[in-house]
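For reference, the structure discussed in these notes is given below.
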Amino acid sequence: MSQFSDILQELVNMSYDELLGMAKVAVNELRPVLRPMDKKCDGLFLILCIFFAAIGADNEVTALEKKFVIDALEIDEDLFNDLYSQCDKRVEDLIFEVTKKISRKHQSNLVTLVAAVTACDETINREEAEYISKLLLD
Numbered sequence: 396m397s398q399f400s401d402i403l404q405e406l407v408n409m410s411y412d413e414l415l416g417m418a419k420v421a422v423n424e425l426r427p428v429l430r431p432m433d434k435k436c437d438g439l440f441l442i443l444c445i446f447f448a449a450i451g452a453d454n455e456v457t458a459l460e461k462k463f464v465i466d467a468l469e470i471d472e473d474l475f476n477d478l479y480s481q482c483d484k485r486v487e488d489l490i491f492e493v494t495k496k497i498s499r500k501h502q503s504n505l506v507t508l509v510a511a512v513t514a515c516d517e518t519i520n521r522e523e524a525e526y527i528s529k530l531l532l533d
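Under our numbering, think of the first position of the sequence shown as 396, with each following residue one higher.
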């Protein structure tokens with residue numbers, strides 16, 4: 396098993412609360428950096444895009460992934476449904492562009508956030524692993 400696969404497996408083995416804590420730390424680290432790129436929404440739009448790109452990487456949103464986003468961002472289910480219904484595959488492209496504009500440290504926070512979101516349902520499938528890998532290599 397490759398080192399990358401080992402790391403993904405470690406994430407899958409973490410508890411929901413551990414992953415949620417990781418996600419919240421990553422959001423707190425990223426938001427100030429994203430604010431200048433997302434002045435209208437104070438960085439929140441880009442944070443949402445990161446979450447939605449992560450849960451949409453495999454074109455399937457599990458109930459646990461949905462709960463994770465709601466818990467991490469402290470939003471209600473109706474707001475989640477409204478916002479997610481407006482997303483499409485362009486959010487993934489937007490996140491790749493954002494990744495190019497931020498420092499390595501913050502790229503690491505972004506990848507950590509994506510990995511935590513994808514692992515929260517106790518599995519990281521091939522599509523999700525490929526998305527994480529693309530973020531690392533881009």
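We put the CB at the ideal spot given by N, CA and C, even for glycine. Keep in mind the model is a prediction, meaning the values are calculated, not measured.
In its chain, beyond the 5 residues on either side, Gly-451 have a beta carbon closer than 8 Å to the beta carbon of Lys-484. DSSP, read as helix, strand or coil, puts Glu-523 in helix. The segment 442-460 and the segment 504-515 touch, with three or more beta-carbon pairs separated by less than 8 Å. Between Thr-507 and Met-409 the beta-carbon gap is near 12 Å, outside 8 Å, which marks them as no contact. Linking Asp-477 to Lys-435 through their CA atoms gives a straight-line distance of about 19 Å.
A residue is called buried once 16 or more other Cβ atoms fall within 10 Å of its Cβ, and Leu-414 is buried on that count.
Under a 10 Å Cβ-count criterion, Phe-399 is classified as exposed, with fewer than 16 other Cβ atoms of the shown protein chains found around its own Cβ. Rounded to whole angstroms, the separation of the alpha carbons of Asp-401 and Ile-470 is 32 Å. Short of 8 Å from the beta carbon of Leu-505, and not among the five residues preceding or following it, lie these beta carbons of its own chain, in chain order: Ala-421, Leu-425, Ile-445, Ile-490, Val-493, Thr-494, Ile-497, Leu-530. The alpha-carbon of Lys-462 is positioned some 23 Å away from that of Asp-437.
Here the alpha carbons of Tyr-526 and Asp-466 stand approximately 23 Å from one another. Counting along the chain, Ala-467 sits inside the alpha helix (DSSP H) bounded by residues 458-468.
Assigned with DSSP and collapsed to three states, Ser-480 falls in helix.
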